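Colleague:
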Ligand SMILES: Nc1nc2c(ncn2[C@@H]2O[C@H](COP(=O)(O)OP(=O)(O)O)[C@@H](O)[C@H]2O)c(=O)[nH]1
Ligand SMILES: [Mg+2]
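In the numbering used here, the protein residues as written are 92 to 338.
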């Protein structure tokens, strides 16, 4: 059993999360038992990849401790803070046929259950958890909800994006999405958006499902501090995708 490749890899970028890391991972592993049961797949094997970079608190030590203690947890640490780079590296390390991208303040196993049911029934290649579509319930502060819609609006106008969300929860068939990960050129916050946009343009079969978003703690980085980087990322993304230019 120890050497068996996992069926599903859960990739979670983590940055300065000493306050919730151990509890979140412990809870997540417990909830996975319920997911297996709900899916009628008692043998479904998961791995959890904690993709860290740049933390200045005890996150790295804690993540390593968890990985030593728990056979299904792996971690790596990459240097300067960079959400997209960590997520990308985590996806490329994933061994499961299916991959779930989550966030440590969400660990939304209800999304896992619904997304895995769709993927296992071969209903699609990529499931995007949307905070903004009909049926979603986003309990973040109003400014953050508005920011999500503004970014989506910009992606629609500049890149002809047809969905309602690109950031956050995702699940996909690794063999189909991995080649797109290699094509992505944007890191930081907008890597996930580039991946979803490339998936749409590559005609992958994508299903958005509504999620209920309840964060275990407020976002660590101030929204306004993220604006310049996101705007630069959007400009670069538009240039690269629309005009095929090199960054
Ligand atoms: N590796 C890594 N993870 C990050 C970074 N910034 C945020 N994260 C993680 O990404 C997830 C979402 O971050 P959060 O602060 O809640 O921002 P949100 O996406 O706007 O809600 C959490 O698991 C964070 O620990 C980063 O620079 N590097
Ligand atoms: Mg969050």
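In this text, a Cβ means the ideal position worked out from N, Cα and C, and glycines have one as well.
Please read these numbers as outputs of a predicted model, since none were measured by experiment.
1. From residue 207 to residue 327, what distance separates their C-alpha atoms?
2. First and last residue of the alpha helix (DSSP H) that includes residue 282?
3. Is residue 306 close to ligand 2? I mean its beta-carbon at under 8 Å from any heavy atom of the ligand.
4. From residue 287 to residue 253, what distance separates their C-alpha atoms?
5. Roughly how many angstroms separate the alpha carbons of residue 273 and residue 118, rounded to a whole number?
6. Taking three-plus beta-carbon pairs below 8 Å as touching, is the segment 169-178 in contact with the segment 137-148?
7. Which residue's Cα is closest to the Cα of residue 221: 232, 302, 110?
8. Under 8 Å by Cβ, that's how I've got residue 178 and residue 297 pegged, so tell me the actual separation to the nearest angstrom.
9. Have a look at 309, 154, 108 and flag the residue whose alpha-carbon is nearest the alpha-carbon of residue 236.
10. Quick check: what's the CA-CA separation for residue 215 versus residue 266?
Modeller: Once the coordinates are examined:
1. 33 Å
2. 282-292
3. yes
4. 10 Å
5. 32 Å
6. yes
7. 302
8. Residue 178 to residue 297, Cβ: 18 Å. No contact.
9. 309
10. 13 Å
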